[in-house]
Amino acid sequence: MDRDRDQRCAVLAEDVAEALPGTAPQARGWVAIEQWGPYGRDALLDSHFPRSLGRWLKDTLAPLSIKPVLIRPAGAHADPREVAKTRRVFLASSAPGASALASLTVDDPEELRDVDFHAITSGRIGQAYPGLQRESEPLLLICSHAKRDICCAQRGRPIAKALASQQDSAGLSRRIWECSHLGGHRFAPVGLQLPHGWVHGRFTTERAAKIFADAQAGSVTMSNARGRSSQDPPTQVAEIAARQIAKVTSIDSVNADDLGGGKFRIVGPEGNRIDVEVGLDTGPTPRPESCAKQPEPWLSWSVRAM
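Each position in the sequence shown, counted from 1, maps to that position plus 186 in the numbering used here.
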């Protein structure tokens with residue numbers, strides 16, 4: 187028996203039944219930048235991406251609640267410093283009812299300093315950069331960041347590669363990307379669907395294909411959902427529960443209103459209302475947040491219909 191494998195964070199989180207809802211990283215928008223080659227622990231600072239630009243992006247985007255990630259074609263882990271001069275950059279607004287995805291191609295990553303990132307979260311994404319192309323097909327980014335946590339690489343990379351291969355016949359393989367750290371290694375494999383910001387975990391290749399197909403159809407796969415990045419954890423929990431109760435899957439058809447005191451009102455596509463109450467407790471058995479950390483208590487969300 188492989189003891190190291192048995193003690194990895196993703197295995198231990200499953201063993202203690204740590205739930206997915208309410209664990210999505212928080213961001214109102216995303217910037218995904220193509221960068222080939224290996225990623226160090228902090229991808230923007232420890233890769234072939236210009237370090238000073240990476241620091242500038244982190245400092246610029248954090249106050250806007252926008253997260254930057256590096257992406258690379260699924261399965262492409264060669265270390266060529268000399269690759270195609272141009273690279274794709276995707277800008278995504280993940281706000282419910284105002285989600286949007288656009289892309290640009292740059293010859294020099296320093297051109298990113300000219301992007302109006304405020305436009306991403308202010309409903310003006312089309313004005314963020316001259317010649318920006320609006321994107322109609324969603325993206326699915328799957329974390330394969332080994333230097334951050336081995337679970338993401340071992341569980342995420344094979345799925346990204348297999349899914350991209352499946353989508354190749356439809357000409358959609360470049361809608362599937364490997365990416366740097368998203369957050370929540372213990373839920374690996376971890377995927378981010380853009381532009382809507384739905385984050386998923388613990389999926390198989392078959393489930394990843396469904397997540398992508400549902401996104402293409404304007405729906406969200408609930409069974410592996412961790413939450414929507416534009417919401418805080420209790421709102422994520424409330425919306426997922428209400429969607430499961432009402433069997434609502436359309437992505438932008440639900441509004442979540444925080445009534446205070448842990449109570450939420452979820453309004454569905456036909457105006458139907460579901461009120462839920464979200465509580466917080468501590469999980470019964472400590473588990474490590476990542477493979478490099480010691481076991482620690484974790485938060486356990488509860489939810490009930492009112």
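C-beta: ideal position from N, C-alpha, C; glycine also.
Please tell me whether L247 and L230 are closer than 8 Å, where the distance is taken between their beta carbons.
no
Using the three-state DSSP reduction, which class does G387 fall into: helix, strand or coil?
strand
Along the chain, where does the beta strand (DSSP E) that runs through E364 open and close?
I362 to C365
What residue does the beta strand (DSSP E) around R237 start on, and which one ends it?
Element bounds for R237: not the beta strand (DSSP E) but the alpha helix (DSSP H), R237 to L247.
If you follow the beta strand (DSSP E) that D354 is part of, which residue opens it and which one closes it?
Run containing D354: none in the beta strand (DSSP E); it sits in the alpha helix (DSSP H), I336 to D354.
Would you say C338 and H371 are within 8 Å of each other, going by their C-beta atoms?
Yes, the pair counts as a contact, with Cβ atoms nearer than the cut-off.
Which residues does DSSP pair with G450 in a beta bridge?
Checking the sequence, you will find Phe at residue 450 rather than Gly. Looking at the DSSP assignment, F450 forms a beta bridge with D444 and V462.
Tell me the rounded alpha-carbon separation between S476 and R194.
CA-CA distance, S476 to R194, rounds to 8 Å.
Since I believe A424 is in contact with E489 (beta carbons under 8 Å), could you give me their beta-carbon distance rounded to a whole number of angstroms?
The question names Glu, but residue 489 is Val in the sequence shown. Confirmed, about 7 Å.
With a threshold of 6 Å on Cβ separation, who are the neighbours of L445 within its own chain once the five nearest residues in sequence on each side are excluded?
R451
In the DSSP assignment, what residue or residues form a beta bridge with P474?
P481
Using three-state DSSP, classify D188 as helix, strand or coil.
Its pLDDT being 41, under 50, D188 is placed unreliably by the model, and the measurement read from it follows with that caveat. Three-state DSSP puts D188 in coil, outside helix and strand.
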